[in-house]
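One structure is given here, and the rest of the page talks about it.
Protein chains in written order, with my numbering: chain A, 34 to 253; chain B, 35 to 685.
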């Protein structure tokens, strides 16, 4: 607690009078006490800090929201989606060629985008593959490298991403060092009339997207 | 730290700048009366911070503006607070600006050599008013839409170039996407940039001439820092506290999504423009034309303020006195007109009814937008257009309320009244309904009233002119076919059996019959007692009553009772009695509104107009029927209060 030399008032009383009323202490260059300056700086800071931090929290909404209400307020699942997230495809087992040639299929689902809800719209595409009477394999067509689209190369008989030349064998295993991991295989369930049935011809796929550029598969 | 500051100072001269900014002398000491300019700068800073944040979530188009503001307000973290801060700081800015201007004139701060700064201040005032005007439209709600319509229409009253000015502001002949993109560009880009520029000039010139000292002998001279800064900061903190309190406890309003097809009778400008609104409503002003009231008069006022420095220069002290007198008179006028506008609105029943409807629509829109189905691609306005709870009352008021009532009112919460005769004053008389009150249509009470209280239930019909005419004809001995609540087979059955119906031995039978009739109406979500329904069904079809009533069944006249509607579809069908097949159900009601005169309904006794699809489209019929039968997602929004007790019984 220092009082400037030129200030005749003793101790703190100068501060109190100055803050309380308009009777300023006589001073030209000499400053008020540190407390007085500190108080001024403090109030000046908080009047800007309050709106700025409120604004900052508002801006962080996309991060705060996930923790606050993950999955809350979701509508009932689309008619073709079960409670485990499996989506029924338009194609059936019979429509997938038995010679191992992959086919590209569009997946439909409901999209919730901020204030809108778009029912039954394309949400992505997958590659389906079947060898003989073997199981159906499904791969997300998004490249695990940086998110371009993986194509089927008939000449090479492999999967290939034109952006950064990621290449994968038809079973999804990566065949060069560009991608960080294999293609993202998706869970498949064969069903009849919506009931699990290994011999059924309905194809249900748990459609998911995964983080790109990581060796592990992390669902988004 | 010091080394870093030195390094920075060598290259930028930051110390000198800070010194100049902070160590200005305040002759006569720091004073509270000097804080207003600083609070204005502070509110502008708040607007910039909150404005940028809102920008990060706002989407300017007619199908996303309301929707994104809804999302900000009701879904986003602190969204309501950020929008509230922006909303109330804007109003604080206008208030503080008015105080600032008053003070400048009273203290003579406009006098030479500060004329230029006075004019710069006036430019800033125009920019701030422009910001508040453009911002009001951005949520694209009914309130902003219709209030801004008024403003752009006033623009069109500008002499010579009016139409062009309006088209430019709107981005076209009508309001649309481009109105929003242009208003948004003005509000978030052009006007703030101008404001920053002019504010810099304003502060620069202010510093050049220094403070206009009110009383140099008030106290010893002080420094801007920290003496005046502390007072300024405390004042800003007080402003922030007020604005934040309002934002928390009275969140900014979002009315229903803008719909050019839906009237908005509650349209008012933002409260600080109410004085101008009220001024324009004076008959004397109206008579002189919109250009006079909305452009010439405000122009003259601004002109008088602008030439104040010259007035003072020419007339000296008398000029300063005139200027101050003008400001006080202006302030008094603004206050009086504002109070008058508020007072009149509070006592204007029409305006209050419009406000009630606006709140109902707003609440419903928000409720629907929050539902799990969210907002469709065609926008929240489509949610309301497809909502029976919103559209039903409007359709009822438009098509039905000239004869029927809904809980005593016209469906939209307004009593139907006769016009006052020329020269009459006071409350206009309430118009008597001439058909049933449908507020409880197809409810248990409705069904019970038909069974045990038929004459009374339909007593309103007796107010109709066709009823009076028919009674006169009847008195003359002519034969007339008409619905007589007092004398018809049904009326006779009810009144003739009144005692038996009220006898304790039939109490449960009546309840059962009512439950059966109610179940026949199949109201969505209605919970019925199946055992009672079965019992009621046998009463209706077999007449298994107790006592004197035994053997009288509904089906001996209403032969299709208990069957789904339509029991018989061909026009010739019907046995002369109204069908009770699915009575009160949506299918029955749809058919009845289209063909009340069909043989299966009232036939030749009918007096209700048949609503063809040309008068009432299929879509509207569906909305009306769904509303009347309660077929819509329930609402927590308060409905219009019943006005049954305000209906007079007789003419």
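Built from N, CA and C at the ideal position, the CB exists for glycine as well. In this text the structure is predicted, and so the values were computed from the model without any measurement.
Residue from B/337, B/381, B/573, B/639 whose Cα sits closest to the Cα of residue 156 of chain B: B/337
Whole-angstrom C-beta distance between residue 247 of chain B and residue 62 of chain B, which should lie under 8 Å: 5 Å
Residue 307 of chain B beta carbon less than 8 Å from that of residue 368 of chain B: no
Complete alpha helix (DSSP H) runs within the stretch 275-358 of chain B (minimum length 4 residues, chain order): 308-314, 317-321, 331-340, 342-349
Residues, ordered as in the chain, of the stretch 74-85 of chain A that lie near chain B by beta-carbon distance below 7 Å: 76, 77, 80, 81, 83, 84, 85
Residue of A/97, A/87, A/154, A/196 minimising C-alpha distance to residue 114 of chain A: A/154
Alpha carbon of residue 333 of chain B to alpha carbon of residue 663 of chain B, nearest angstrom: 56 Å
Best match in B/646, B/150, B/185, B/660 for proximity to residue 163 of chain B [C-alpha to C-alpha]: B/185
Classification of residue 592 of chain B by the beta-carbon crowding that lies within 10 angstroms, buried from 16 upward: buried
Secondary structure of residue 425 of chain B, DSSP reduced to three states: helix
Strand pairing of residue 90 of chain A, partner residues [DSSP]: Beta-bridge pairing links residue 90 of chain A to no other residue.
Straight-line Cα distance separating residue 436 of chain B from residue 582 of chain B: 41 Å
Residue 69 of chain B: first and last residue of the uninterrupted alpha helix (DSSP H) it sits in: From DSSP, residue 69 of chain B is part of no alpha helix (DSSP H); its letter is neither H nor E.
Interface flag, residue 90 of chain B vs chain A, CB-CB below 8 Å: yes
CB contact below 8 Å: residue 45 of chain A versus chain B: Unreliable placement is indicated for residue 45 of chain A, whose pLDDT of 38 sits below 50; no coordinate value is reported for it.
Residue 224 of chain A - containing beta strand (DSSP E), residue span: 221-225
Chain-ordered chain B contacts of residue 91 of chain A [CB-CB under 9 Å]: 84, 87, 88, 90, 91, 106, 110, 111, 112, 113, 115, 116
Assigned secondary structure, residue 36 of chain B (DSSP; H/G/I helix, E/B strand, else coil): helix
Under the three-state DSSP convention, the category residue 169 of chain A falls into: strand
At least 3 beta-carbon pairs within less than 8 Å: the stretch 339-352 of chain B vs the stretch 146-153 of chain B: yes
Euclidean distance between Cα positions of residue 207 of chain A and residue 122 of chain A: 26 Å
Rounded distance between the beta-carbons of residue 390 of chain B and residue 447 of chain B, thought under 8 Å: 6 Å
C-beta neighbour in chain B for residue 145 of chain A, strict 8 Å: yes
Residue 497 of chain B in three-state terms, based on DSSP: helix
Cutoff 6 Å; reference residue 180 of chain B; Cβ partners in own chain excluding five residues on either side: 298, 301
Residue 33 of chain A and residue 203 of chain A closer than 8 Å at C-beta: As shown, chain A starts at 34 and ends at 253. That puts residue 33 of chain A outside it, with no answer to give.
Segment contact flag, the stretch 219-230 of chain B with the stretch 35-42 of chain B, C-beta cutoff 8 Å, min 3 pairs: no
Own chain partners of residue 205 of chain A with C-beta closer than 6 Å, once the 5 adjacent residues on each side are dropped: 172, 215, 216, 218
Assigned secondary structure, residue 418 of chain B (DSSP; H/G/I helix, E/B strand, else coil): helix
Where the alpha helix (DSSP H) containing residue 155 of chain A begins and where it ends: Looking at the DSSP string, residue 155 of chain A is not in any alpha helix (DSSP H); the run it does join, the beta strand (DSSP E), is 149-163.
Partners in chain B for residue 88 of chain A, counting only beta-carbon separations shorter than 8 Å: 83, 84, 86, 87, 116
Contact list for the stretch 394-411 of chain B against chain A, Cβ threshold 9 Å: 403, 404, 405, 406, 407, 408, 409, 410, 411
Residues near residue 423 of chain B by beta carbon distance below 7 Å, same chain, minus five either side: 398, 661, 666, 669
Residues that residue 151 of chain A contacts on chain B, provided the C-beta gap is smaller than 8 Å: 411
Residue 240 of chain A beta carbon less than 8 Å from that of residue 156 of chain A: yes
Members of the stretch 247-263 of chain B near chain A, C-beta cut-off 8 Å: 252, 253, 254, 255, 256, 257, 259, 260, 261, 263
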